[in-house]
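Residue numbers (our numbering): 75 to 623. Heads up: the structure comes next, in structure tokens.
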């Protein structure tokens, strides 16, 4: 029985070069022996004047490009090349992740099968490989190739801290310390760079790296200094990688001397993620978040497990310098104020609960409900990590009435536990093969808060995999008594169906209480009012805001 071919993801941030991006993808298509297992993902900034040209160029070659697994164009806010690589990695599907550039072409036929031969030498899937790019050779892995396991272990593809250079050196340094650098000299993927005399200095190079005379810009020198000062963090990540390798590993010297660890101190933006040495090298990571609300900066820490599906998605977002579920996070930041009360139902590992607790401060309060025991434990750990006294968590399931129910543990998705058979969904393969259930007591929010003080909640957030309507029905007294201004509800149409209801019933029930429905989305406009017969055309899970305001 033959071994399935590894899928390959080429990740390429690009700006102002639609013709060169097309040249890259066509060269990949021409030289791959199995283009059907290769995907090419491009990141284009929304302020790029040539973004529509990318669409037209790729559309004109649609028939050819259909031979690839996919050719994907992500048009999004300008976040810098490092974070763009992470955003593409988060959207990718490949077993192997390849750093790519639009000033690069693939020259040698069969590069993908050569990659198969070389990756087979590393059964633990830990390596940093690179092809010959026609200039540096084995001295520098200009376009590193790593496995998805590598990324999951670290929680990121690229650190996201550099403006234009040193992302490749970061990966190379970690791989050098664990002895897994692997150069493939006989495959040429030529780098047509101005510095090698193979291109003119264009506006894209001038955007960050050099002026028209080839002089380095301050951003390059900042990256150079930052790389030198962050050696301890690469050593910590090398230890994480070593922990998942086969056999004992003795760390070797890295590429740079250890400097003062001031990583991310000068990274701007509403959120600046920081990786610290893991609590458990193979699983848990600590992420530091800086939240800016009402012109105040607040700090938040999270324990996240890189081996868990939803926590992996969260790590990918944070590593890309973005908030998790941006539309919801932004709304909390814009709406919650000191003294408010926030209720989080289906709290997972506590990200939104912790975010809210940070925003409402000591004069406010947060009540979180999470039934699954591992997630509940992680919330408690995150509360302790942040020294919070205004967040109380309940290990209980909520519904429309007090009863006993069957609770299905999702073995595929740590954020997908439910009161219906999760193995019924095609995504949940492990849950279908091995069902894990337990009997749980269900209560109502009205009952659960009967002995709590009567502070009216400013906002209630519900993410219960299809049980949202039942939870709301069990909250009727609170909704009517306190006229709760904002209710955020996930809409999982499959989950709603499994629970015997649908989106229409959910929205009509809320409308009967005087609530209007708004689609929440990360892009502008962030809130789109939905008329009673207006629906979102998507197969994905999304969030609705119900409000009286």
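Even glycine gets a Cβ: it sits at the ideal position worked out from N, Cα and C. For clarity, every value in this text was computed on a predicted model and none was experimentally measured.
Local conformation of residue i per DSSP, three classes
i: residue 551; result: helix
i: residue 346; result: Confidence in residue 346 is poor, its pLDDT being 33 and thus under 50, which makes the residue's placement unreliable; the coordinate value appears in the next sentence. Coil, per DSSP.
i: residue 305; result: helix
i: residue 79; result: coil
i: residue 556; result: helix
i: residue 279; result: Model confidence at residue 279 stands at a pLDDT of 47, short of 50, so the residue's coordinates are unreliable; what they give is reported in the following sentence. Helix.
i: residue 151; result: coil
i: residue 339; result: In this predicted model, residue 339 has a pLDDT of only 28, less than 50, meaning its place in the structure is not dependable; the value taken from the coordinates is given anyway. Three-state result, residue 339: coil.
i: residue 443; result: strand
i: residue 223; result: helix
i: residue 330; result: Residue placement at residue 330 is flagged as unreliable, the pLDDT there being 47, under the threshold of 50; the coordinate-derived value follows with that caveat. Three-state result, residue 330: coil.
i: residue 437; result: coil
i: residue 109; result: helix
i: residue 607; result: coil
i: residue 94; result: helix
i: residue 367; result: strand
i: residue 325; result: coil
i: residue 182; result: coil
i: residue 521; result: helix
i: residue 130; result: helix
i: residue 479; result: strand
i: residue 425; result: helix
i: residue 362; result: strand
i: residue 496; result: helix
i: residue 176; result: coil
i: residue 515; result: strand
i: residue 510; result: strand
i: residue 118; result: strand
i: residue 646; result: One cannot answer for residue 646 here, as it falls past the ends of the chain, which runs 75 to 623.
i: residue 573; result: coil
i: residue 354; result: Low local confidence applies: a pLDDT of 35 at residue 354 is under 50, so the model's placement there is unreliable, with the coordinate-based value given in what follows. It is coil, neither helix nor strand.
i: residue 86; result: strand
i: residue 293; result: helix
i: residue 568; result: helix
i: residue 379; result: strand
i: residue 319; result: coil
i: residue 595; result: coil
i: residue 613; result: coil
Start-to-end residues for the beta strand (DSSP E) that takes in residue i
i: residue 195; result: That residue, residue 195, is in no beta strand (DSSP E); it is neither H nor E in DSSP.
i: residue 202; result: 202-206
i: residue 465; result: 465-468
i: residue 387; result: Not the beta strand (DSSP E): residue 387 falls in the alpha helix (DSSP H), residues 383-393.
i: residue 535; result: 533-536
i: residue 142; result: Note, residue 142: premise wrong, no beta strand (DSSP E); not H, not E.
i: residue 488; result: Note, residue 488: premise wrong, no beta strand (DSSP E); not H, not E.
i: residue 619; result: 616-621
Of the residues the options, the one placed nearest residue i, counting alpha carbons only
i: residue 609; options: 572, 587, 565; result: 565
i: residue 167; options: 152, 145, 156; result: 145
i: residue 176; options: 265, 136, 599, 131; result: 265
i: residue 227; options: 387, 121, 507; result: 387
i: residue 229; options: 217, 299, 358; result: 358
i: residue 593; options: 135, 616, 414; result: 616
i: residue 298; options: 242, 113, 507, 310; result: 242
i: residue 83; options: 162, 460, 360; result: 162
i: residue 487; options: 439, 392, 499, 151; result: 499
i: residue 385; options: 557, 600, 426, 555; result: 426
i: residue 450; options: 215, 438, 467; result: 467
i: residue 490; options: 541, 524, 522; result: 541
i: residue 560; options: 569, 546, 461, 111; result: 546
Short CB-CB distance (under 8 Å) between residue i and chain B
i: residue 409; result: Among the chains in the structure shown there is no chain B, since it carries only a single protein chain.
Start and end residues, alpha helix (DSSP H) containing residue i
i: residue 156; result: 155-165
i: residue 560; result: Careful: residue 560 lies outside any alpha helix (DSSP H), inside the beta strand (DSSP E) at 560-565.
i: residue 583; result: 577-586
i: residue 262; result: It is not in any alpha helix (DSSP H) - residue 262 instead sits in the beta strand (DSSP E) that spans 255-265.
i: residue 507; result: 503-507
i: residue 406; result: 400-409
For residue j and residue i, believed in contact at Cβ under 8 Å, the rounded distance
i: residue 420; j: residue 537; result: 4 Å
i: residue 222; j: residue 171; result: 7 Å
i: residue 125; j: residue 99; result: Not quite, the Cβ-Cβ distance comes to about 16 Å (not below 8 Å), so this is no contact.
i: residue 464; j: residue 442; result: Not quite, the Cβ-Cβ distance comes to about 11 Å (not below 8 Å), so this is no contact.
i: residue 159; j: residue 205; result: About 17 Å; that fails the 8 Å criterion.
i: residue 237; j: residue 303; result: Not quite, the Cβ-Cβ distance comes to about 15 Å (not below 8 Å), so this is no contact.
Segment contact, 8 Å Cβ cut-off, at least three pairs: the stretch 489-508 with the stretch 580-590
No contact exists between the stretch 489-508 and the stretch 580-590.
Counting pairs of Cβ atoms below 8 Å between the stretch 196-214 and the stretch 241-259, do you hit three or more?
They touch, by the three-pair rule.
Segment contact, 8 Å Cβ cut-off, at least three pairs: the stretch 89-98 with the stretch 177-189:
Yes, they touch.
Are the stretch 510-523 and the stretch 480-487 in contact at 8 Å, needing three or more beta carbon pairs?
Between the stretch 510-523 and the stretch 480-487, the count of C-beta pairs closer than 8 Å reaches three or more; the two stretches touch.
Are there three or more Cβ pairs, one per stretch, closer than 8 Å when the stretch 182-193 is compared with the stretch 104-111?
Yes, since at least three Cβ pairs between the stretch 182-193 and the stretch 104-111 fall closer than 8 Å, the two stretches touch.
Does the structure place the stretch 374-383 close enough to the stretch 398-407 that three or more beta carbon pairs sit under 8 Å?
Touching, no, given that fewer than three Cβ pairs across the two stretches are closer than 8 Å.
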